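One structure below.
Shown next, in the form of structure tokens:
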């Protein structure tokens with residue numbers, strides 16, 4: 017089949033594109049290669065994808081309405097995996113307009129492209145951050161998610177609402193993917209694992225917020241990619257018996273679905289750092305700090321719906337995943 021993967025030079029988009037290409041599909045990868053983090057890393061991912069004859073790269077911006085319309089017009093996509101977005105909880109506090117452009121306008125442009133070109137299935141990236149002030153764990157897609165604590169989280173919740181509208185009005189099958197703290201080889205330099213690794217190797221101290229007591233459902237990238245590739249074949253169907261009063265918020269009378277994709281084994285930030293110290297063979301110098309604005313104390317995914325649907329749940333341990341990341345990091349940066 018022919019896929020559009022947005023954010024193809026990004027962390028998750030790169031891995032998903034590789035999986036699709038290896039399975040024999042055609043992939044058109046869209047990315048704006050912005051400088052939110054090191055462009056050379058994005059380019060290195062892209063170079064890997066360009067080795068495949070079935071991959072085509074399109075340099076473009078999600079918020080460019082005409083460019084996105086033309087992209088759909090010229091390609092005849094069968095499915096769309098929309099992973100591009102302005103990422104980062106903390107960055108959204110200082111740069112809110114970047115999130116409105118990429119995550120709201122950009123998502124709308126993708127929905128419009130899918131609507132007008134009768135796309136068979138749209139999968140899109142949501143986030144565990146939508147759970148916001150929720151305290152009941154593990155987080156379930158049956159729970160309300162109406163109290164986000166960052167603009168980033170609010171835009172992801174908005175993406176789910178926008179998608180439901182298009183599923184309802186235009187019978188567009190949409191699946192939202194709530195990712196839980198993704199890490200692994202080719203990861204993002206703004207994420208804790210990358211920053212910690214770089215600092216520890218350089219002999220610098222690392223900032224550890226909330227004294228390392230936060231718990232995160234760290235999810236290894238290969239598990240994320242596996243779940244996405246399996247879910248793209250599971251096309252949501254209408255459920256005429258569904259009602260707001262009796263149904264789950266993750267389903268609908270429209271062809272709409274939302275899933276958690278997480279490891280379901282949250283660990284403390286301090287335990288995560290200890291696994292990194294072990295993989296590196298170096299003890300970190302820790303700068304213990306209070307909680308940051310926009311952060312949540314704990315994330316934990318209820319993935320029972322995911323397992324029921326595709327017979328798969330992420331299971332890579334933090335120790336395993338971090339060891340693989342460190343191997344990649346040392347090779348890539350020749351450390």
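Numbering (our numbering), first residue to last: 17 to 351. Quick reminder that beta carbons are idealized off the backbone N, C-alpha and C, glycines included. Keep in mind that this is a model prediction, so the values were computed, not measured.
Practice task
Please state if the CB of residue 191 and the CB of residue 139 are separated by a distance shorter than 7 Å.
Solution key: Here residue 139 corresponds to residue number 123 of the chain shown, with the count starting at 1. Here residue 191 corresponds to residue number 175 of the chain shown, with the count starting at 1. Yes.
Problem - Range covered by the beta strand (DSSP E) that runs through residue 47 - result: Taking the chain shown and counting its residues from 1, the one referred to as residue 47 is at position 31. Unbroken beta strand (DSSP E) run through residue 47: 42 to 47.
Practice task
Taking only the alpha-carbon atoms, compute the straight-line gap between residue 242 and residue 89 and give it to the nearest angstrom.
Solution key: Along the chain shown, read from residue 1 onward, the residue named residue 242 stands at position 226. Along the chain shown, read from residue 1 onward, the residue named residue 89 stands at position 73. Going by C-alpha positions, residue 242 is about 29 Å away from residue 89.
Problem - Euclidean distance between Cα positions of residue 147 and residue 288 - result: Here residue 147 is taken as the residue at index 131 of the chain shown, counted from 1. Here residue 288 is taken as the residue at index 272 of the chain shown, counted from 1. Those two C-alpha atoms are separated by around 22 Å.
Practice task
Below 8 Å CB to CB, which residues in the same chain sit around residue 125 once its five sequence neighbours on both sides are set aside?
Solution key: On the chain shown, residue 125 is found 109 positions in, with the first residue counted as 1. Contacts found: 78, 79, 80, 81, 84 and 85.
Handout entry: Three-state secondary structure (DSSP) of residue 29
Key = Counting from one through the chain shown, the residue named residue 29 turns up at place 13. Reduced to three states, the DSSP call for residue 29 is helix.
Practice task
Kindly indicate which three-state DSSP category residue 257 falls into: helix, strand or coil?
Solution key: For the purposes of this step, residue 257 is identified with residue 241 of the chain shown, where counting begins at 1. Three-state DSSP puts residue 257 in coil, outside helix and strand.
Handout entry: Opposing strand residues paired with residue 182 [DSSP bridges]
Key = Taking the first residue of the chain shown as position 1, residue 182 is located at position 166. Residue 182 is not bridged to any residue.
Handout entry: C-alpha gap between residue 240 and residue 116, whole angstroms
Key = In the chain shown, residue 240 corresponds to position 224, counting from 1. In the chain shown, residue 116 corresponds to position 100, counting from 1. Distance from the CA of residue 240 to the CA of residue 116, rounded to the nearest whole angstrom, comes to 26 Å.
Handout entry: Collapsed DSSP secondary structure at residue 12 in the structure displayed
Key = Absent from the structure is residue 12, since the part of the chain shown begins at 17 and ends at 351.
Practice task
Starting from the C-beta of residue 323, find all residues in its chain whose C-beta is less than 6 Å away, skip the five residues before and the five after it, and write them out in chain order.
Solution key: Numbered from 1 along the chain shown, position 307 holds the residue referred to as residue 323. Once the five neighbours on either side are set aside, the close Cβ partners of residue 323 are 329.
Exercise for the section: Report buried or exposed for residue 176, applying the criterion of at least 16 other Cβ atoms within 10 angstroms of its Cβ. Expected result: Looking up residue 176 in the chain shown gives position 160. Counting Cβ neighbours within 10 Å, residue 176 comes out buried, since at least 16 surround it.
Exercise for the section: Using the DSSP secondary-structure output, state which residues sit across from residue 284 in a beta bridge. Expected result: If you number the chain shown from 1, residue 284 lands on position 268. Note: residue 284 sits in a beta bridge opposite 231.
Problem - Residue range of the alpha helix (DSSP H) that includes residue 96 - result: Walking along the chain shown from the start, residue 96 turns up at place 80. Taken as a continuous stretch (DSSP letters only), residue 96 belongs to no alpha helix (DSSP H), being part of the beta strand (DSSP E) at 95 to 98.
Practice task
Count the C-beta pairs between the segment 160 to 170 and the segment 206 to 214 that are closer than 8 Å, then say yes if the count reaches three, no if not.
Solution key: no
Exercise for the section: Answer with buried or exposed for residue 92, where buried requires no fewer than 16 other C-beta atoms within 10 angstroms of its C-beta. Expected result: Along the chain shown, one-based indexing puts residue 92 at 76. Burial call: exposed.
Problem - C-beta neighbour in chain C for residue 297, strict 7 Å - result: In the structure shown, chain C does not exist; there is a single protein chain.
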